[in-house]
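Going by the working numbering, the letters in the sequence shown line up with residues 8 to 222, in that order.
For glycine and all other residues, C-beta sits at the position ideal for the given N, C-alpha and C.
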Amino acid sequence: MKLLMKKEWKLTVTPVPLLFLLLSALVLVPSYPYYVTFFYNALGIFLMLQAARENRDVYYMALLPLTKRDLVRARFSTIVTLQLLQALVCVPFMLLRRGYAEINNPVGIEANLAFLGFGFMLMGLFDLVFLPMHYKNGYDLGKPFVISSIVLFFAIVLLEALDHIVPYMKTVCESYASADLVRQLPVLLGGMAVYALEVWLAYRKSAARFEKVDL
């Protein structure tokens, strides 16, 4: 598995998803839907998988003395690492954004712990929709990405709408105050837990589907 992960980072991961990590800086823009940051992460993953497909990566991996489940597990590990990096890179930009917290974001949520928690949920949602569809044959990417993008943007719009309606989200989740950041911890921890569940469900479904594929 260690050698397989080494192969993933040397041959599969392209510069694109790594460059897209820097788009976490979008949280510095005072009037911007910050959740879109996580869509760019999804786009980077899609472009990476597209490059792997064109290089016939799945057929190369099929020649290795590994099970199909191992191949899916390695790819999931790569994707999860990229998503965790996206969340991690957000942190320094979030700290910078807090420096001018008096300038509110009229579009929606502020770049705080609650934002990060909901961001984890969004990344997990993308995995749950996109990856099982892709691993139905290990080849299709266009249709799964379009459908998962629609679902992702619907979830983003819903979260931004709730941010203006639900009292807790409208007050606590819109704040940079230290006391409110503590009150946002359940959202962050809950979001991480939901993300872990979504990834686990996506992996189970993807692995089960890919094992039935005749390469």
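Should residue i and residue j be called a contact, given that it needs their Cβ atoms to be closer than 7 angstroms?
{"i": "valine 114", "j": "proline 22", "result": "no"}
{"i": "alanine 49", "j": "phenylalanine 133", "result": "yes"}
{"i": "methionine 1", "j": "phenylalanine 122", "result": "For the chain, the structure presents residues 8 to 222; residue 1 sits outside this window and is missing."}
{"i": "leucine 129", "j": "phenylalanine 27", "result": "no"}
{"i": "valine 79", "j": "alanine 203", "result": "no"}
{"i": "tyrosine 210", "j": "phenylalanine 53", "result": "no"}
{"i": "tyrosine 42", "j": "isoleucine 163", "result": "yes"}
{"i": "glutamate 181", "j": "glycine 131", "result": "no"}
What whole-angstrom Cβ distance do residue i and residue j have, given they're in contact under 8 angstroms?
{"i": "methionine 101", "j": "asparagine 119", "result": "7 angstroms"}
{"i": "arginine 104", "j": "glutamate 218", "result": "Not a contact, Cβ separation roughly 44 angstroms."}
Going by CA-CA distance only, name the one from the options that's closest to residue i.
{"i": "valine 220", "options": "Leu135, His141, Arg82 and Gln57", "result": "His141"}
{"i": "proline 99", "options": "Ser213, Leu35 and Trp16", "result": "Leu35"}
{"i": "arginine 216", "options": "Ala184, Arg63 and Lys143", "result": "Lys143"}
{"i": "arginine 60", "options": "Thr85, Asp147, Leu92 and Ala81", "result": "Asp147"}
{"i": "leucine 89", "options": "Ala184, Pro24, Thr19 and Ala186", "result": "Pro24"}
{"i": "phenylalanine 160", "options": "Tyr175, Cys180, Arg104 and Val136", "result": "Val136"}
{"i": "leucine 11", "options": "Gln57, Pro37, Val179 and Thr74", "result": "Thr74"}
{"i": "leucine 138", "options": "Val20, Val87, Thr19 and Ser38", "result": "Val87"}
{"i": "tyrosine 47", "options": "Thr19, Cys97 and Ala108", "result": "Cys97"}
Would you kindly work out how many angstroms separate the C-alpha atoms of residue i and residue j, rounded to a whole number?
{"i": "threonine 171", "j": "lysine 177", "result": "As written in the sequence, residue 171 is histidine, which differs from the threonine given in the question. Cα to Cα, histidine 171 sits roughly 5 angstroms from lysine 177."}
{"i": "leucine 169", "j": "isoleucine 154", "result": "23 angstroms"}
{"i": "leucine 95", "j": "tryptophan 207", "result": "21 angstroms"}
{"i": "proline 151", "j": "arginine 63", "result": "19 angstroms"}
{"i": "leucine 196", "j": "alanine 32", "result": "23 angstroms"}
{"i": "lysine 14", "j": "leucine 30", "result": "26 angstroms"}
{"i": "tryptophan 16", "j": "leucine 166", "result": "33 angstroms"}
{"i": "isoleucine 110", "j": "alanine 184", "result": "13 angstroms"}
{"i": "methionine 55", "j": "methionine 8", "result": "20 angstroms"}
{"i": "valine 179", "j": "leucine 92", "result": "26 angstroms"}
Please tell me whether residue i has its Cβ less than 7 angstroms away from any Cβ of chain C.
{"i": "leucine 159", "result": "You won't find chain C in this structure, because it holds only one protein chain."}
For this session: Evaluate the contact criterion for the region 190 to 197 versus the region 68 to 79: three or more CB pairs, one atom per stretch, below 8 angstroms.
Result: no
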